[in-house]
Amino acid sequence: MKLISSLFGSFFSGSNILLIVLFCVCGAMYLNIQSLQKENEILRLKELHSQSELEGLELKLKEQNEAIKKVRLDLKNKNEALVEVSKVQKVFLKDTSCESELLAYKELFNILGTKK
């Protein structure tokens, strides 16, 4: 028993305790560095994955924009057609007899036929 107590007594002397504490601190720092390196690697992989998804989404957005441009209506022609329609809406009949209606429709078709 004396042997064990003398070994522990000499082992835990002032300078040895300082070395043990220093060793424990270095070990804790090493483990912390390892943990941070793994976390850094995981974050880099997540960044690469996010960049890949972003590039895919940008490509899809570009394709959608091109598809929208292909099916886009030319509103200039539509506006001209609306102006013609509004002109047609202003035709008034003099009376309700069939002959005056027929003449109004003939005039309307003649007007529309000449504006190509």
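Residue numbers (full-length UniProt numbering): 1 to 116. Yeah, the Cβ is synthetic: ideal placement off N, Cα and C, and Gly gets one too.
Going straight from the alpha carbon of residue i to that of residue j, what length do you get?
i	j	result
Gln34	Glu58	36 angstroms
Tyr105	Ile111	10 angstroms
Leu31	Glu53	33 angstroms
Gly27	Glu47	30 angstroms
Gln64	Glu55	14 angstroms
Lys62	Glu101	54 angstroms
What ranges does the beta strand (DSSP E) occupy inside the segment 29-81, keeping only unbroken runs of at least 3 residues that lie completely in it?
Segments of the beta strand (DSSP E) lying fully in the segment 29-81: there are none.
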